[in-house]
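Going down the list, the protein sequences come from chains A and B. Numbering-wise, the first sequence is residues 1 to 449 according to this note's numbering. Numbering-wise, the second sequence is residues 1001 to 1449 according to this note's numbering. Notes follow the structure.
There are 2 protein chains.
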Amino acid sequence: MAFEITNQFLEKLVGFIYENNDSKIKNLFSEVHYADIAEVLDEVSFDEAIYIIKLLDSEKTSEILTELDEDTREKILENLSAKEIAEEIEEMDSDDAADIIGELSEERQNRVINAIEDDELAADIKELLSYNDDSAGSLMAKELVKVYETWTVAGCLRRIRAQAKEVSRVHSIYVVDKQEKLIGRLSLKDLIVAKNEQKISEIYINKVDSVNVNEDDEEVAKIMVKYDLEAIPVVDDANVLLGRITIDDIVDLLKEEADKDYQLAAGLTQDVDSDDSILDLTRARLPWLFLGLVGGVGAFIIMEGFQGVFTKYATLFFFTPLIAAMAGNVGVQSSAIIVQGLANDDVKGSINSRLFKEMLLAALNGVILALFLFLFVWIYEGKIDLALAISASLVVVIIIAGLIGTFVPLFLNKRGIDPAIATGPFITTSNDIFGILIYFLIAKLILGI
Amino acid sequence: MAFEITNQFLEKLVGFIYENNDSKIKNLFSEVHYADIAEVLDEVSFDEAIYIIKLLDSEKTSEILTELDEDTREKILENLSAKEIAEEIEEMDSDDAADIIGELSEERQNRVINAIEDDELAADIKELLSYNDDSAGSLMAKELVKVYETWTVAGCLRRIRAQAKEVSRVHSIYVVDKQEKLIGRLSLKDLIVAKNEQKISEIYINKVDSVNVNEDDEEVAKIMVKYDLEAIPVVDDANVLLGRITIDDIVDLLKEEADKDYQLAAGLTQDVDSDDSILDLTRARLPWLFLGLVGGVGAFIIMEGFQGVFTKYATLFFFTPLIAAMAGNVGVQSSAIIVQGLANDDVKGSINSRLFKEMLLAALNGVILALFLFLFVWIYEGKIDLALAISASLVVVIIIAGLIGTFVPLFLNKRGIDPAIATGPFITTSNDIFGILIYFLIAKLILGI
């Protein structure tokens, strides 16, 4: 079913633009979904994209705008007047409208909002812009279908026909009392199964999940996923119905969160993708690399400090990359499990009990790995004391690396800091340094140098 | 709104179980959502969980079973007879039913299916079990609301009232022709806005997205997310309507995929969480650690090969952890960007153009970092030739690490292998070895040893 952007399609399109053949362009796009048109706009030149946006109906272009990459959208909006943007905005749901206006400079925001003819929409957008970025309020849309408990089924059907035209998808019908306070819900299914003369108060379900407008957005996502909700109403502190959040916004949020955690674990500091400029990519990659450099200098200073050992046990130095790699890998594994567990709310028990478990686990892994290393060094170098020293240090290094990987994210989480920053390069770098230091100390101790 | 499992609640519950006070237990759970009861069952002992499952109505327990951890569910199902499982299954949607039966041994599967009294459901489950694990068929449910194009709106409303009782959520009403072929859709909203005497053929929308039953499940997820769909109908090769997939299943799938990629990047080979046994965690962690060990031995052999350099330039050896760390970090960063780009379908251009871009990017990063390292070594060691050798090698190592990190996932993807395995320990380990080898070769060259 998927639409494929072919070279043939692009050539045709660019040809028509060159000829200013507007009707053929419109025709070409008439059967194409707006999400696909958004992808086409990423493939053509910027001037061509502007040409297409200005040509198509605002009903279609408003949807296209919401689907575009933020960078492309920003460039296109710069080329539209406040009035033109306002026209696009009027076709959008209030949540998309607020998101897009929120990307503009404050001065342009005001001009666009003033240019919106629909006063109610303008007020809705202002309200939505006022909520904190990570709150339920920033995710919600004002459009919803709402009925009063005093209405009859027939009257209700009549009135929601009007309301429903503005709402792209009706999930639930929210039931409110005279003070606009949320008291329950109805599904369209319940409504069509009910008799015309029944009162809403007789048929509505008085249990309804809702979230406060100031609730954290990730918390909202967890609730909706856990309870398999496709929409959830948003209320203020007095339980007055303010809007609703739908699952498609949650899907986007979850995707963003997963991408962000993945990038943090890979040592990328900001949201980048492979098509970004070399400068943007450098900005995302350099900070953690710099940390790695500082860590490497730290390791250098430690090794230099043990220089005296070299004359007798040069082999010790040749195993430092192995020690550093194992300390890093164990740290990343243990921190990833904790970070993911915290994200899924299933890290149970105290910090001490988790550390104890990690200690046992790391000791088990460490002993198995050290056994192999012991045999290798013994056979290859023929020195049992050296083999013992290196493999015993490996066990201790792995245990400490595992404990650091477990403790740091738990500690950060307790302090209210996102534990995801404690994965990847952060853990690798700190474990490299600690690992090498511990390794030399223990080896010296065992070898009696 | 969220229910919190308190110690007080658990104490009460366990007390009632001890007293066999069934009515109080039922009362305690009467207002609790099944997803929350599932969490409670994870907190109590196994015998207590079984007691609760056997006590509550199958309407509720069937939902609880679908929410439980796979491990807990497996243990509980082992303690229920085929007949008891069949009773639970009869309350479930066909997709959940098939998923749960699919977890049983083949012999038990047959016994449970034979014990199901509803022949249609049994046939549906058999059909769903026959589809490939990663296909649209494995995600879909058989329950849906379907109307024939020849019906009138009034007749349609009457009949879907009956069908809708079986479908927990009505997203779309699918319109089929006499041969059961999918020809369009209706929303409930369209239906209540239409006049009673109109024919469905006059009001239905003849554009409907659908997926083939054999389509890959991740592809289905991409389509639904891209087009913001909350449900999509599934058809066979002849376009006959077979079932539908809803967004809640897609949310679960996306979560699983994100978790899997994150774990692969962290060097965990299977789906584990922090509460698994030490043995399961060892099984997930040891394989990549073993790879790291082998890589470390490789690095050892390389360094030993350059042993002769030591007498004159011991300092070179003290920078190997730095070189290995930088090679690893750059490799992880570049591979993560490619892996994520491939997952989001936005890696454009040829492999060569991507490698060229990465080369420029890595060179830029490398030169900046090398400058700092040059200054450090120069000032700290006072040897400009050494500073030059180490920092020049760093630039080359970073470029090659970036190229490996970019090439490997692109290559795997082209071969049809999941590129996500080429992240984390795999890239770190191979880059450690290559990095150290290149470092010594170039340093030797520059220093003229």
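Note that beta-carbon positions come from the ideal geometry of N, C-alpha and C, so glycine has one too.
Where residue i falls, given that 16 or more other Cβ within 10 Å makes a residue buried
i	result
G1416(B)	exposed
G1305(B)	exposed
Q8(A)	exposed
F1300(B)	buried
I379(A)	exposed
L445(A)	exposed
L1279(B)	exposed
L1371(B)	exposed
E1070(B)	exposed
G1308(B)	exposed
L1375(B)	exposed
S1023(B)	exposed
E1120(B)	exposed
F426(A)	buried
F440(A)	buried
E1088(B)	buried
Three-state secondary structure (DSSP) of residue i
i	result
D216(A)	strand
V1235(B)	strand
A1266(B)	coil
S1274(B)	coil
S1334(B)	helix
K1146(B)	strand
V44(A)	coil
I399(A)	helix
I1116(B)	coil
L242(A)	strand
S1138(B)	helix
V339(A)	helix
V1032(B)	coil
V1225(B)	helix
V1460(B)	Past the boundaries of the shown model lies residue 1460(B); chain B is included only from 1001 to 1449, so the question cannot be answered.
I247(A)	helix
V1208(B)	coil
G382(A)	coil
Alpha-carbon to alpha-carbon, residue j and residue i
i	j	result
S1274(B)	E381(A)	39 Å
Y1262(B)	F319(A)	29 Å
D271(A)	K414(A)	25 Å
I1025(B)	I1017(B)	7 Å
I192(A)	N206(A)	18 Å
A327(A)	G402(A)	8 Å
A38(A)	E63(A)	9 Å
T1282(B)	R1111(B)	35 Å
N1132(B)	V1213(B)	9 Å
V450(A)	V330(A)	Past the edges of chain A, shown from 1 to 449, lies residue 450(A), and the structure says nothing about it.
I1160(B)	V1145(B)	7 Å
F1317(B)	L264(A)	30 Å
K1178(B)	R1158(B)	19 Å
L186(A)	S1187(B)	17 Å
I1247(B)	A35(A)	18 Å
T269(A)	D259(A)	12 Å
E218(A)	L1293(B)	39 Å
A115(A)	L68(A)	23 Å
E1019(B)	S353(A)	32 Å
G1296(B)	I1338(B)	26 Å
S1210(B)	C1156(B)	22 Å
A1221(B)	L1139(B)	10 Å
I100(A)	L65(A)	9 Å
V1040(B)	P233(A)	26 Å
Beta-carbon separation (whole angstroms), residue i vs residue j, contact threshold 8 Å
i	j	result
V1332(B)	T1423(B)	7 Å
N1365(B)	I1323(B)	Not quite, the Cβ-Cβ distance comes to about 15 Å (not below 8 Å), so this is no contact.
V82(A)	L129(A)	Checking the displayed sequence, the identity of residue 82(A) turns out to be Ala instead of Val. Not really, about 16 Å apart at Cβ, beyond 8 Å.
S94(A)	E59(A)	16 Å between Cβ atoms; not a contact.
I1028(B)	L1010(B)	The residue asked about is misnamed: residue 1028(B) is Leu in this sequence, not Ile. At roughly 11 Å, the Cβ-Cβ gap does not stay under 8 Å, so L1028(B) and L1010(B) are not in contact.
S135(A)	A231(A)	17 Å between Cβ atoms; not a contact.
* To do: Would you mind listing the alpha helix (DSSP H) stretches within the region 1148-1199 of chain B that are 4+ residues and don't spill past its ends, in chain order?
  => You should have 1153-1164 and 1188-1193.
* Asked: Going along the chain, which unbroken runs of the alpha helix (DSSP H) with 4 or more residues stay wholly within the region 405-448 of chain A?
  -> The qualifying runs are 425-447.
* What are the complete alpha helix (DSSP H) segments, minimum 4 residues, inside the region 1291-1322 of chain B? -> Taken in chain order, the whole alpha helix (DSSP H) runs of length 4 or more contained in the region 1291-1322 of chain B are 1314-1318.
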